[in-house]
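Q: Numbering follows numbering that gives the first Met the number 0, in which position 247 of the sequence shown is assigned residue number 246; successive positions increment by one, without gaps. No residue lacks a Cβ here, since even glycine has one placed at the ideal position from N, Cα and C. Mind looking over this structure? Questions follow.
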Amino acid sequence: MPTKNRFAQTHDAITAWRRDIHAHPELMFDTHRTSALVAEKLRAFGCDEVVTGIGRTGVVGVIRGRRCGSGKVIALRADMDALPILEATGAPYASTVPGAMHACGHDGHTAMLLGAAQYIAETRNFDGTAVVIFQPAEEGGGGAKVMCDDGLMQRFGIQEVYGLHNWPGLPVGSFAIRPGPFFAATDEFQISVQGSGGHAAKPHEGVDPVVMAAQLITAIQTISSRNADPTEQLVVSVTSIESSSTAMNVIPGSVHLKGTIRTLKPAMRDLAETRLRALCIHLGAAMGGSAELEYQRNYPVMVNHVEQTEFAADAARAVSGDCADAPLVMGGEDFAYMLEERPGAYILLGNGDTAPVHNAEYDFDDSIIPSGCSWWAELVERRMPV
Ligand SMILES: [Zn+2]
Ligand SMILES: [Zn+2]
Numbered sequence: 000m001p002t003k004n005r006f007a008q009t010h011d012a013i014t015a016w017r018r019d020i021h022a023h024p025e026l027m028f029d030t031h032r033t034s035a036l037v038a039e040k041l042r043a044f045g046c047d048e049v050v051t052g053i054g055r056t057g058v059v060g061v062i063r064g065r066r067c068g069s070g071k072v073i074a075l076r077a078d079m080d081a082l083p084i085l086e087a088t089g090a091p092y093a094s095t096v097p098g099a100m101h102a103c104g105h106d107g108h109t110a111m112l113l114g115a116a117q118y119i120a121e122t123r124n125f126d127g128t129a130v131v132i133f134q135p136a137e138e139g140g141g142g143a144k145v146m147c148d149d150g151l152m153q154r155f156g157i158q159e160v161y162g163l164h165n166w167p168g169l170p171v172g173s174f175a176i177r178p179g180p181f182f183a184a185t186d187e188f189q190i191s192v193q194g195s196g197g198h199a200a201k202p203h204e205g206v207d208p209v210v211m212a213a214q215l216i217t218a219i220q221t222i223s224s225r226n227a228d229p230t231e232q233l234v235v236s237v238t239s240i241e242s243s244s245t246a247m248n249v250i251p252g253s254v255h256l257k258g259t260i261r262t263l264k265p266a267m268r269d270l271a272e273t274r275l276r277a278l279c280i281h282l283g284a285a286m287g288g289s290a291e292l293e294y295q296r297n298y299p300v301m302v303n304h305v306e307q308t309e310f311a312a313d314a315a316r317a318v319s320g321d322c323a324d325a326p327l328v329m330g331g332e333d334f335a336y337m338l339e340e341r342p343g344a345y346i347l348l349g350n351g352d353t354a355p356v357h358n359a360e361y362d363f364d365d366s367i368i369p370s371g372c373s374w375w376a377e378l379v380e381r382r383m384p385v
């Protein structure tokens, strides 16, 4: 069965919503305009309940099926926030906010879930309750966690939760998914390397933190190359080096390093943190200075539940005829927090041969809207059949 016919009729309207959201990007939790637009539409669709202010600017809509005898409650989640990027698409609906841009397609996610909510509220062709979740601050703010901490799952009696992300590089309108660990844990670290500054011509009189930092950066690479089992995934990247000196003849007193560690299993995550800490302590001491580590555990590994992954794949096959095996993704996704609270699954929807997400030239492909909307609708109707 292909995409649902109803979405051929509403495709233009959903595209207009998407482009309107695209032109007005909002960052992190400041999704005030987008949240208001979402709430207004959900009310207009006739949702049984529309609740705002969950997880600060999150919005939730509740749609009860034609029957509610099954007692099933499944939730569908979209993200609404944009990125601090100066848009370079040149699209007629390009961002009107300098330095903010929907470069991850969350405008498309929001519009597609709105389109699906409209259909679900019109047809109610299921036995149970569908909950639509619109969250802020996926891009680094952990909006999913903040909504969960606000009692999202308990308040609406959610039993399962599903998510979707558009994916450049996958054919337009195709789907891909995998059970188990899918997106990486995204830990962040900062290291303050302390030496004692001095004249660049007399290095023997002090402790050079630049040389210490260089040793440390090289040593850190051994966490993935020598400590981790080669069959596991572990990425360590140092992404920033800053010294307190700007002169060519001054050895600085300190150097500041920043970076990220990506893993797909708790054991690898623990190993990386332990080894990084040991290298900082001992290399710093060995070289006569110190290296202080600040380690922050960010988004956890996003793990798809097996049974729900199968349901998600079945719905995808019903829409597009196929559902591919997705590769592991070393990027992070805060939907991980929702999947820690309830069983569920996250699927990729092909955005075609476009610029990658988080790129100034990326744009969501509006032609995939009927596929995304149909997948949501299929999921609800298949998971809670009348
Ligand atoms: Zn993103
Ligand atoms: Zn995203």
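From what residue to what residue does the beta strand (DSSP E) around Met211 run?
A: Per DSSP, Met211 lies in no beta strand (DSSP E); the unbroken alpha helix (DSSP H) holding it starts and ends at Pro208 to Thr221.
Q: Per DSSP, what are the beta-bridge partners of Lys257 in this structure?
A: For Lys257, which the question treats as bridged, DSSP gives the partners Gln189 and Ser239.
Q: Find the nearest neighbour of Glu340 within the set Gln8, Val302, Ile346 and Cys372, judged by alpha-carbon distance.
A: Val302
Q: Contact between the segment 28-41 and the segment 354-362 is defined here as three or more beta-carbon pairs at a separation below 8 Å; is this criterion met?
A: no
Q: Taking its Cβ as the centre, do 16 or more other Cβ atoms sit within 10 Å of Thr2, making it buried, or is it exposed?
A: buried
Q: Who does Asn165 pair with in a DSSP beta bridge?
A: According to DSSP, Asn165 bridges with Leu348.
Q: Between Ala22 and the rest of its own chain, which residues show a CB-CB distance below 8 Å, the 5 nearest in sequence each way excluded?
A: Tyr92, Ala93, Ser94 and Thr95
Q: For the beta strand (DSSP E) containing Arg379, list its first residue and its last residue.
A: Looking at the sequence itself, residue 379 is Val, so the reference to Arg does not match. Per DSSP, Val379 belongs to no beta strand (DSSP E); it is in the alpha helix (DSSP H), Ile368 to Arg382.
Q: Start and end of the beta strand (DSSP E) containing Leu26?
A: Neither: Leu26 is in no beta strand (DSSP E) and is coded neither H nor E.
Q: For Val209, count neighbouring C-beta atoms within 10 Å of its own C-beta (all shown protein chains included) and say buried if the count is 16 or more, exposed if not.
A: buried
Q: Is the closest heavy atom of ligand 2 to the C-beta of Cys103 under 7 Å?
A: yes
Q: Measuring alpha carbon to alpha carbon, tell me which of His281, Met211 and Pro180 ends up nearest Tyr345.
A: Pro180
Q: Give me, in chain order, the residues of the same chain whose beta-carbon lies closer than 6 Å to that of Ile84; leave out the 5 immediate sequence neighbours on both sides.
A: Met100, Ala102 and Ala359
Q: Which residue wins for smallest C-alpha separation from Thr51, given the options Phe28, Gly70 and Cys67?
A: For the residues Phe28, Gly70 and Cys67, the minimum Cα distance to Thr51 belongs to Phe28.
Q: Going by the C-beta, is Val356 closer than 7 Å to any heavy atom of ligand 1?
A: yes
Q: Buried or exposed for Gly150, please, with buried defined as at least 16 other CB atoms from any protein chain shown within 10 angstroms of its CB.
A: Classification for Gly150: exposed.
Q: Could you tell me whether the Cβ atoms of Cys147 and Met337 are closer together than 8 Å?
A: If you check the CB distance, Cys147 and Met337 come in under 8 Å.
Q: If you measure between the beta carbons of Leu215 and Leu278, is that distance less than 8 Å?
A: Against a cut-off of 8 Å, the Cβ pair of Leu278 and Leu215 comes out as a contact.
Q: Taking Val145 and Gly54 to be in contact with their CB atoms under 8 Å, please state how far apart those CB atoms are, rounded to whole angstroms.
A: 4 Å
Q: Go ahead and pull the three-state DSSP assignment for Tyr361.
A: coil
Q: DSSP on Gln8, reduced to helix/strand/coil?
A: helix
Q: Give the DSSP-derived three-state secondary structure of Lys3 in the structure shown.
A: coil
Q: Is there at least one non-hydrogen atom of ligand 4 closer than 7 Å to the beta-carbon of Asp78?
A: As for ligand 4, it is missing from this structure, which binds only ligand 1 and ligand 2.
Q: If you draw a straight line from the C-alpha of Leu275 to the C-alpha of Ala266, how long is it?
A: If you take the alpha carbons of Leu275 and Ala266, they lie about 14 Å apart.
Q: In the DSSP assignment, the alpha helix (DSSP H) including Met286 goes from what residue to what residue?
A: First-last for Met286: undefined, no H or E at that position.
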